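Below is one structure; the comments refer to it alone.
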Amino acid sequence: MKATSTDSAAAPQVRERDTWDERFLAGSTLDRDRALHYTSAIPAGYKQDRDPERATDDVTRLEGLTPDALDLRLERAADTSGEWRLTLYVGGRALTLSEVLPILQSLGVEVLDERPYTVANSAGVTCRIYEFTLRYPARSLPEPLDERDFAERFTTACAAIWHGRAEADSFNELVARAGLNWRQVAVLRAYANYLRQGGLPYSRTHIATVLGEHRALVHRLIELFEVSFDPERVDPAAAGDLTATLDDEIAAVPGLDADRILRAYRNALAATLRTNFYRDVTEGRECLSFKLDPRRIPELPLPRPHFEIYVYSPRVEGVHMRFGKVARGGLRWSDRKEDFRTEVLGLAKAQAVKNAVIVPVGAKGGFVVKRPPAPTGDAAADREALREEGIRCYRTFIGGLLDLTDNVDLANGAVLPPARVVRRDGDDSYLVVAADKGTATFSDLANEVAAEYGFWLGDAFASGGSVGYDHKALGITAKGAWRSVRRHFRELGIDTQAKDFTVAGIGDMSGDVFGNGMLCSPHIRLVAAFDHRHIFLDPDPDAARSFAERARLFALPRSSWADYAPELISPGGGVWERTAKAVPIAPQVRAALGLADGVTTLTPPELVRAILCAPVDLLWNGGIGTYVKAATESHLDVGDKGNDAVRVDGAQLRARVVGEGGNLGFTQLGRIEFARAGGRINTDALDNSAGVDCSDHEVNIKILLDGLVGSGRLDAAARNALLAETAGEVSRLVLADNESQNELMGTGRARAAATLAVHGRLIEQLEATRGLDRTLEALPTKKEIAARRKAGQGLTSPELATLLAHVKLALAADLLAGDLPDSAAFADDLAAYFPARLRENYADAIAAHPLRREIVATVLTNTVVDHGGITYAYRLAEESGADNADAVRAFAVVAAVFDLPALWRDIRAAGLSADLTDELIVLSRRLLDRGARWMLTQRPQPLAVGAEIRRFCDTVAALTPHIASWLTGRDAESLAARTDALTARGVPADLARRLALLLDQFALLDIIEVAELSGRPPRDVAEVYYLLGDRLEVVPHLVAVSRLERGTKWNALARVALRDELYATARAICRDVLLDSDPGEPAEPVVGRWEQRSAARLDRTRRILGAIAESGEDDLAALSVATRQLRALVR
């Protein structure tokens, strides 16, 4: 043998008689000192089991280890065909079998044996080598097998699971069975989790098994994903071909389960619009996110949002649903790991209805923490650890949403798609979020993440942060809901701000909605309340003292009912923990809660049910959970397992009024059941809409101000100061919306029975054109409506609230689809959305607001529906063929011409009873309805709003003060009688005169039209018109028409046609009469000459009209004959 150099750089010759150490040194690539280190560091057991050549490779791997590092190696075992050797190299701590075995078993292998070794590397890191002998079951590995590729996929999957980037479950078997890498497996796992959240009724294990049994189909699914979303491979044509192939192959799959599972995957992939799979994600926030169109996934339950982003990682999962491109809603930290999507969908549905009052449509999001920290026994430390994990998961969730959201270049308005994201939809840059359960303090965190992305909305992305409107400080949600409470009590003749009343509540004083709500009136007598911790009883509270104590608790950080001063609680009351075995029930409590005399103790669940059913004036919900359902619903239907033990039925409630400051306290069917039993309730969406309304104003104001900052007109400090300065006025604007909606609900309830037929037709129309689902929305069927009509009943308040929301959503959508929001006629409506300071100083910026069209559409929708009524636009369409935009234009013209907003303000400010106020508002709407129909049938279309207002407004204002003096005979007597009747009921005299004159005032539209056509002064025409009306008894005929049965659609249309014919006849006769008169000639001789010329026709007409009157028949046939006879007088 040749001699070898002693130079350390040269490897020595290896001889068969050399020792293990000598052979290792000879083959080592390390320098001499490090190689010598390993001859002593490597244990004897290792040297016995492994040859030096293998040790050389192992040592190279050990040298690269740092504490907590991991390296892996997989190779087929020598002399076997089915066994493999897996070696784990671990730096630092030792592993246990309980850590390693689940990982290996998830990959589908049997572990036959294990050989552990401990070796310190040359850096002093204690390292472990674990060698496992593995065996795959027969036919688990595809043939032929590329062993090198398989080893790479297997070891990287192990490492991903070890580091927490992948989950240890049966999906990992697809690495071997289907030849996938761990990231491809993660895609399939994520879709499975999403589909299971959507109701796919199979376990993850079964889904993974089905996928493993259909390798070729799995490969096609992955190929479809890649050609759809890999920026380097995207190929729409190939995607189309693959989809068609998948359809054929899935159809050929035997077995219903496999078909459903594979088809669900195919549908979910086809519905995917974007993914961040190919993005470079932020370190520490690794997740998969998919943007989907749920409407294309039939496996999902209804309703299906327009867009949904699903975020998946082993640490966190969540969904964000939107019912349109411009949508908004809170993000919830859910504790419902198994069905968080169901929870979010329920909230999103409520949010969609709630957002009917604001610019964005409904949205909602929620996430779950999948790996909460293990308890330590230290409650405070555990809470903080959980909070930190929640924050980390929340940041990941936010990042997953922003990964798929377009940005905007504020300098030029260009949309900037996210890098390496293939978009299968259009531009989509509007993403805003808000706080919700568990995330009340997270808005700044969300904005920090958005800032990392450079997201264009800045801190408008998450409203309610440190720079924004503090909802709890403003009390805006509770104050808005309190508007509903006050309205309900006003209908009962009670002023909650002046008279004591009893309350039972859900929540505690530390909460925003409950705490602020229970400070809305000093006359609240809170007799009982509960939250998840305590039950509070104060059976005979002193209103003033208890108010002060609640205020103290509200100001006390993290207070609970346990902090309530015991000496201020009335005899028999107290505070008990919900975990108590039993609660003693004193006689005073029995009386307050309406319990039987024999009740002396109750368990906490029994006591909570008793509080819910207490005979109080108000049940105030400011908490979390669903506590009231309908008798027809099961607890399973409700989907809130945590409160099954305390939930009651709506008909069991004995409160007179319910205020829903919190969300989902009642099921919709529970609300309806309570309302049909005589209770007063709206919906949570309507009651607590002030919170979202306030946030919407904040977002839109921030967008405005950020544009000013960007252009140099404001600096950041001035921007923040201006935002804070506007908080008070924004609060007033928001509460005005709540007031307006509640006034509308009041008139709706007052006329619910009378308008049931038209409500039924409106529901049918929304079903046919908007996809309204009666079952989902708990609206009555046609059969139920018929039964209610027969019983003289209408829609309940909760049903009206739901119908109202869908009417607003439909109207706003139609306005946005056209050019009406761009009209200069509505510039003032845009400006009025913003506080006065902004209107005064930045009118030009408001006019250029990025969401100006959406704001205009929202403002107009709220104004038209709240003042015109729920069915205003629908009835105009039914009666004249007008579309929603036409109805809005007509409303704008008529309201301005007759100054209806001032009249409505005066009615509401008159201090009248709720019933009388509602009656007067409905009376004023008769002028609106007739005026709008006139504008749509008599004027060129589409209405030029500004021009029509200018054409009529000043003349109507000038003529109106003289109408009373122009009326004669029976018409004058009728006006006087109507005025006297109103004043006798307490209506102020001036207001009574204006209201009594409304329908006479409507004739001014015809008068002005005749004046223009005849060239006569409007005053001359008016005198002739009103005198003719008296001589021909037009008004009594109009009154008779108004008394006709509305009933069916055709009855309603017949009434309208008859009334329009009467007005058209009066207008035509007036024109005829004026043809034979001189300008300036008094009305009396002009009409007298016409009567002489038309004596024969008049005589015949009066005889026929007299006969009809004597018959007492004022039905449609008789009135049609009468109208035709009057029409015969026209030349």
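Numbered continuously in UniProt numbering, the sequence shown closes out at residue 1131.
Every residue gets a Cβ at the ideal spot worked out from N, C-alpha and C, and that includes glycine.
Please read all numbers here as calculations on a predicted model, not as lab measurements.
- Between the alpha carbons of isoleucine 907 and glutamate 388 lies a gap of roughly 55 Å.
- Between lysine 782 and proline 522, the alpha-carbon positions lie close to 45 Å from each other.
- In the DSSP assignment, methionine 321 forms a beta bridge with Glu308 and Lys364.
- Remark: three or more beta-carbon pairs, one from each stretch, lie closer than 8 Å, so the region 435 to 445 and the region 392 to 406 are flagged as touching.
- Straight across, the Cα-Cα distance linking isoleucine 297 with asparagine 267 is about 6 Å.
- Contact annotation: glutamate 1023 and arginine 970 have beta-carbon atoms that are not nearer than 9 Å.
- The straight-line gap separating the alpha-carbon atoms of leucine 928 and serine 797 is approximately 24 Å.
- Counting along the chain, the unbroken beta strand (DSSP E) around arginine 76 starts and ends at 70 to 76.
- Glutamate 879 and leucine 612 have their C-alpha atoms roughly 46 Å apart.
- In the DSSP assignment, tryptophan 333 falls within the beta strand (DSSP E) that extends over 327 to 333.
- Counting C-beta atoms within 10 angstroms of its own C-beta, asparagine 412 has fewer than 16 neighbours from the protein chains shown and is therefore classed as exposed.
- Distance between aspartate 31 and tyrosine 38, taken at the CA atoms: about 11 Å.
- The alpha-carbon separation between leucine 492 and alanine 836 amounts to approximately 36 Å.
- The criterion of a C-beta distance shorter than 9 Å is not satisfied by threonine 858 and tyrosine 874.
- In the DSSP annotation of this structure, the continuous segment of the alpha helix (DSSP H) that includes tryptophan 482 starts and ends at 476 to 491.
- Checking the DSSP bridge columns, you'll see tyrosine 89 partnered with Asp71 and Ile129.
- In this model, glutamate 213 and serine 228 are separated by some 24 Å (Cα to Cα).
- DSSP lists Ala528 and Leu619 as the bridge partner or partners of alanine 504.
- For lysine 291, the enclosing beta strand (DSSP E) starts and ends at 288 to 292.
- Assignment of histidine 806 by DSSP, reduced to helix, strand and coil, places it in the helix class.
- Leaving aside the five residues that flank glutamate 173 on each side, the residues in its chain whose CB is nearer than 7 Å to its CB run, in chain order, Leu107, Gly108, Ala208 and Gly212.
- Beta-bridge annotation (DSSP): histidine 534 is paired with Glu577.
- The alpha carbon of asparagine 193 has as its nearest neighbour, out of Leu134, Ala244, Val319 and Phe154, the alpha carbon of Val319.
- Glycine 623 is not a Cβ neighbour of phenylalanine 554, given a cutoff of 9 Å.
- Beta-bridge partners of leucine 416 (DSSP): Asn407.
- By the CB criterion at 9 Å, valine 658 and glycine 678 fall outside the cutoff.
- By the Cβ test, the region 354 to 371 is in contact with the region 683 to 692, since at least three Cβ pairs between them sit closer than 8 Å.
- For alanine 157, the closest alpha carbon among the candidates Ala264, Thr600 and Ala186 is that of Ala186.
- Counted as a single uninterrupted DSSP element, the alpha helix (DSSP H) harbouring leucine 722 occupies residues 716 to 725.
- Taking all protein chains shown into account, proline 539 has 16 or more neighbouring C-beta atoms within 10 Å of its C-beta and is therefore buried.
- Annotation for aspartate 428: no beta strand (DSSP E) segment contains it, and DSSP assigns it neither H nor E.
- A Cβ-Cβ separation of about 7 Å places leucine 912 in contact with valine 987 under the 8 Å criterion.
- Cα atoms of phenylalanine 367 and leucine 991: separation of roughly 55 Å, rounded to the nearest angstrom.
- Within 10 angstroms of the beta-carbon of threonine 205 lie fewer than 16 other beta-carbons, which makes it exposed.
- At the C-beta level, valine 734 and aspartate 693 come within 9 Å of one another.
- Note on geometry: alpha-carbon atoms of threonine 19 and glycine 92 lie some 30 Å from one another.
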